[in-house]
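Here is the structure we will look at, set down as structure tokens.
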Amino acid sequence: MRILLAEDDELLGSGIKAGLAQHGFAVDWVRDGIAAERELVSGAHEAMVLDLGLPRQDGLACLRAARARRNTTPVLVLTARDAVASRIEGLDAGADDYLVKPVDLGELAARLRALVRRAHGQPQSRLIAGGVEVDPAARRAWCKGQPVELTVREFDLLHVFMLNVERVLTREQLEQHLYQWGTEVSSNTIEVHVSQLRRKLHPQVVETLRGVGYVMRRDPAA
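Sequential numbering from 34 applies to the sequence shown in our numbering.
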């Protein structure tokens, strides 16, 4: 799951990025409000963690501008413990949730997963499609009721498919979901991971549309 982090504090930002990476997130980090708005409206991320006190342009202005352009990416705002007014402003500006600093990384990860589930119309904690069941919080998967052992990257890829059932995803889109900026990805990496998912789950778990991309069906052929 690819997340955008907007935080100008180097120590806090590096800690959040490293912590979210341990929870399976690919994190792109920007340090000012202009860059934050640019990346938010690009639509390349499944959610955003936004500090309100950014240089060049504050977080509220970034959020208002993005919402004015009909961007619906889930945004979680970070606020100071005593900044009740700023929390209210953030929510009124279009934030979906907030956390008070100092941040508990486990709670942050859980809230981000919940925001993404809601954005994809999946309010339940487990995702189910095509005989496959995924628990994003526990990072566990089952196929026809049997537990399946997946690598970190295989699970991340399956999670993306489960959030986008019946939606065609290109190789480039999948790479954007799974890898943060600056990561070199071989041209056949996604194909290899899809092959492993088919081997561990079942051959029809993901359909290849030649020259287009991949799609997970809600009810694949037996």
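C-beta: ideal position from N, C-alpha, C; glycine also.
Small disclaimer: the values here were computed from a predicted structure and weren't measured.
- Residue range 204 to 211 is occupied by the alpha helix (DSSP H) that includes Gln206.
- Taking 9 angstroms as the cut-off, the beta carbon of Leu37 is found closer than this to the beta carbon of Thr106.
- Counting other Cβ atoms within 10 Å of its Cβ, Asp84 reaches 16 or more and is therefore classed as buried.
- In this structure, DSSP gives Gly86 a state outside helix and strand, which the three-state scheme calls coil.
- Counting of Cβ neighbours within 10 angstroms places Ala118 among the exposed residues, the total staying below 16.
- Setting aside the 5 residues that flank it on each side, Glu40 is surrounded in the same chain by Gly46, Asp84, each with a C-beta closer than 6 angstroms to its C-beta; the list follows chain order.
- Residue environment for Thr112: buried (at least 16 other C-beta atoms within 10 angstroms of its C-beta).
- Taking a C-beta distance under 9 angstroms as the contact criterion, Arg64 and Pro88 qualify as a contact pair.
- If only uninterrupted alpha helix (DSSP H) runs of at least 4 residues are considered, those enclosed by the segment 67 to 141 are 92 to 101, 117 to 126.
- With fewer than 16 other Cβ atoms inside 10 Å of its own Cβ, Gln179 counts as exposed.
- Under the DSSP assignment, Leu190 falls in the alpha helix (DSSP H) whose first and last residues are 185 to 196.
- In this chain, the alpha helix (DSSP H) harbouring Gly52 covers 43 to 55.
- Between His56 and Ala142 a beta carbon distance of about 4 angstroms is seen, short of the 8 angstroms cut, so the two are scored as contacting.
- Under the three-state reduction of DSSP, Arg243 is assigned to coil, being neither helix nor strand.
- Sequence-distant partners of Leu207 (beyond 5 residues in either direction) whose C-beta falls short of 6 angstroms from its own C-beta, in its chain, are Ile223.
- The C-beta distance from Val227 to Tyr247 rounds to 6 angstroms, short enough to fall under 8 angstroms.
- Collapsing the DSSP output to three states places Val201 in coil.
- Sequence-distant partners of Leu148 (beyond 5 residues in either direction) whose C-beta falls short of 7 angstroms from its own C-beta, in its chain, are Ala80, Pro107, Leu109, Asp129, Asp130.
- Here Val227 carries a helix assignment [DSSP, helix/strand/coil].
- The Cβ atoms of Leu230 and Glu187 sit closer than 9 angstroms to each other.
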